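Engineer:
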Amino acid sequence: MSELSKMNKLSFRSIVGNDLGPICQLPQNKEELFFMFPKADYPLSVEQLQTVVENRSDSTVILLDNKIVGFANFYEVKENEYCSIGNIIVSSNFRNKGIGLFLI
């Protein structure tokens, strides 16, 4: 399947409670977790992620064929002016394929 075909199957939605476990599996090592969530301890736990989700805005998952392949949220939002995106991660199996661009 071509990259373009795969990208057409991408979707996004707000997270739901049972997304936390799969999101915690996205960082594959301490370095990846640091870039996603610098204050977290590896391996990322549901409790750590739940805390950040509760304190941030618009936590979103990226789905490919209904499987979570990415996650991000906003940590600062000034309506009609700017927002700051944080806690970004894309599954290591799907990096460099335009998923981050799709997210933005």
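Residue numbers (the working numbering): 1326 to 1429.
A virtual CB, placed ideally from N, CA and C, is assigned to each residue, including glycine.
Bear in mind the structure is a predicted one, so any value in this text is a computation, not a measurement.
How many angstroms separate the CA atom of Gly1411 from the CA atom of Met1361?
Structural biologist: Gly1411 and Met1361: Cα-Cα distance of roughly 7 Å.
Engineer: Among the residues of its own chain, which have a CB less than 6 Å from the CB of Val1408, if the five just before and after it don't count?
Structural biologist: For clarity, residue 1408 is Cys in the given sequence; the question names Val instead. Only Phe1399 and Val1402 meet the Cβ criterion.
Engineer: Going along the chain, which residues of its own chain have a beta-carbon closer than 8 Å to the beta-carbon of Asp1390, five neighbours each way excluded?
Structural biologist: Lys1334
Engineer: In the DSSP output, what is Ser1336 paired with across the bridge?
Structural biologist: Leu1388
Engineer: Mapping the DSSP letters down to three states, classify Lys1403 as helix, strand or coil.
Structural biologist: strand
Engineer: Among residues of its own chain, excluding the 5 on either side of Gln1430, which ones have a beta-carbon nearer than 6 Å to its beta-carbon?
Structural biologist: The requested residue 1430 is not part of the displayed model; the chain covers only 1326 to 1429.
Engineer: Leaving out the 5 sequence neighbours to the left and right, which residues in its chain are closer than 6 Å to Glu1357 when beta-carbon positions are compared?
Structural biologist: none
Engineer: In this structure, does DSSP put Val1394 in helix, strand or coil?
Structural biologist: Val1394 carries a strand assignment under DSSP once its states are collapsed to helix, strand and coil.
Engineer: Evaluate Ser1336 with the Cβ neighbour count: other Cβ atoms within 10 Å of its Cβ, from every protein chain shown; 16 or more gives buried, anything less gives exposed.
Structural biologist: exposed
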